[in-house]
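The structure appears below as structure tokens.
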Amino acid sequence: MDGMSVGLAVALVASLLVNALFVVPMVMNQTGTFLVSGEDEAFLLRDDKTRKITLLEPKMKVKPGDRRIVRFENRHRLSFPAFGQHPPERELTDDQGRISLRINTSTLAPFPVITNDGHTVYVTASVSFAVVRERAHLLARLADFGPQLERRIQSAFSSAIAELRDEEMRQRLGKIEDEVAKQLEAMENGQTGVPLGIKVYDARFQYEDGDSYAARYNLIADQPAPASAGSMGEEPAADGDSPATPGAKLVSLKTGPAGRAAYGRPGAMQFAGTELDKLLDQFKGRNPEQIAALMKLMELQTRQNIVAMLAESRGVIVFSAKELGLDGNPVVEEAVANALSPAQGPVKAAE
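With the numbering used here applied, the sequence shown covers 900 to 1250.
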């Protein structure tokens, strides 16, 4: 083989190697496992040059682990509150950067709202929502999706409830929920505020009066911490460690059943402000007979409370039928007459 033939052979081999360096990566990039946005999921990609965020389209060939995939983590996490569940927050993404398009429900921890007539209620709100595929790129601009969603829900319910008296709130529960859902959806449509990239389906809430809530959750604050106790959430200082900060305070939250009246059922003098307001609501639109019945029940209950209280003194107390409110009661008078009648024979058992 002459020199020209050898040169041609070498040139051919070099050409094949160079082509292989281009062809092999192209073939590899067109084969294998690729990410595909489905009906229930979506992916976002970040362009390395322009840093623009775009939605993964079906024609794009992107493999799992591609560095262009936007992964929401650290301060960019896409989580939302889930009060009453474990854990108390849920994620909208997974480790691969897949964004869920399913309908999720975010439930907030109870928060206080003051009604138009100055009564405090604790609201537990829930909102059903889903990420919109076409607006999913908005999520990449958010640093705190969960807190922003929580603030919007609280603000919407607070503004709707604060315009009403507490009795109006109880009568318009469904209307309040519809109003809040429309307000949150209006923000997503760009009518007010900055959209988060979601669609709001519905909003629901339940509430508890401030008095009963406080009876179950008693906040005990401003109590001096023991000398051996460290800061809140830390272990006590060990020997040789610096002592606890002087004047440190401990705040604890005690939970327990709702408080009960000292003597049986509550009487008229044991009602709290909101309870009295509710009681007054019962008189609205009532006929005289119903009002008289309510007043009589309150009177009898208060009399019973007084008797029970005096009985606790362990003294001998005598009450007349009139003092107990039993004077003139035909049922009581008939029972007393039958008991005192000498001609009354033994009571026969009912057959």
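Idealized CB from N, CA, C, for every residue including glycine.
The model shown is predicted, which means the values in this text are computed figures rather than measured ones.
Would you kindly report the start and end of the unbroken alpha helix (DSSP H) that includes residue i?
i, result
"I1260", "The requested residue 1260 does not occur in the structure, where the chain is confined to residues 900 to 1250."
"A981", "It is not in any alpha helix (DSSP H) - A981 carries neither H nor E in the DSSP assignment."
"R989", "Here R989 belongs to no alpha helix (DSSP H); instead the beta strand (DSSP E) covers E988 to E990."
"S1054", "F1044 to A1061"
"I1075", "L1072 to E1087"
"N1237", "P1229 to L1239"
Please go through the same chain and pick out, in chain order, the residues whose beta-carbon is closer than 7 angstroms to the beta-carbon of residue i, but skip the five residues on each side of it.
i, result
"E1049", "P980 and L1007"
"A1039", "L943, I952 and V969"
"R888", "Here the chain covers residues 900 to 1250 and nothing more, so residue 888 does not appear."
"L1037", "P1094, L1095 and G1096"
"D1016", "R1064 and D1065"
"E940", "R997, I998, S999 and L1000"
For residue i, which residues from the same chain have a beta carbon less than 8 angstroms from its beta carbon, with the 5 sequence-adjacent residues on both sides left out?
i, result
"G996", "F942, L943, I968, V969, R970 and F971"
"E1033", "L954"
"Q984", "T1006"
Tell me where the beta strand (DSSP E) around residue i begins and ends.
i, result
"L944", "L943 to R945"
"Q1105", "I1097 to D1108"
"V1030", "T1019 to V1030"
"L1037", "Where L1037 is concerned, there is no enclosing beta strand (DSSP E), given that its DSSP letter is neither H nor E."
"I1013", "F1010 to I1013"
"L954", "I952 to L954"
"N1003", "N1003 to T1006"
Go ahead and label residue i buried or exposed: buried means 16 or more other beta carbons lie within 10 angstroms of its beta carbon, across all protein chains shown.
i, result
"A1210", "exposed"
"A1042", "exposed"
"G1139", "Because G1139 sits at a pLDDT of 42, beneath the cut-off of 50, its placement in the model cannot be relied upon, and the following sentence gives the value as read from the coordinates. With fewer than 16 other Cβ atoms within 10 Å, it is exposed."
"S1212", "exposed"
"M1208", "exposed"
"M1068", "buried"
"H1018", "buried"
"E1087", "buried"
"I1060", "buried"
"N1186", "exposed"
"A1120", "Low confidence applies here, because A1120 scores a pLDDT of 42, under 50, leaving its location unreliable and the question unanswered by this model."
"G1073", "exposed"
"R950", "exposed"
"N1228", "exposed"
"T1014", "buried"
What distance in whole Å lies between the Cβ atoms of residue j and residue i, which are believed to be in contact at a cut-off of 8 angstroms?
i, j, result
"S999", "V1030", "7 angstroms"
"S978", "G1045", "5 angstroms"
"F982", "V1022", "12 angstroms between Cβ atoms; not a contact."
"T932", "P963", "7 angstroms"
"Q1047", "F1010", "The Cβ separation is near 16 angstroms, so there is no contact."
Ignore the nearest five residues each way along the sequence and tell me which others in residue i's own chain have a CB closer than 6 angstroms to its CB.
i, result
"T1004", "S1025 and S1027"
"I1075", "A1059"
"Y1106", "V1020 and V1022"
"I1216", "L1209"
"V1012", "V1020, V1022, S1057 and I1060"
Quick test of the definition: if touching needs 3 or more C-beta pairs under 8 angstroms, does the segment 1097-1104 touch the segment 1075-1088?
Touching, yes.
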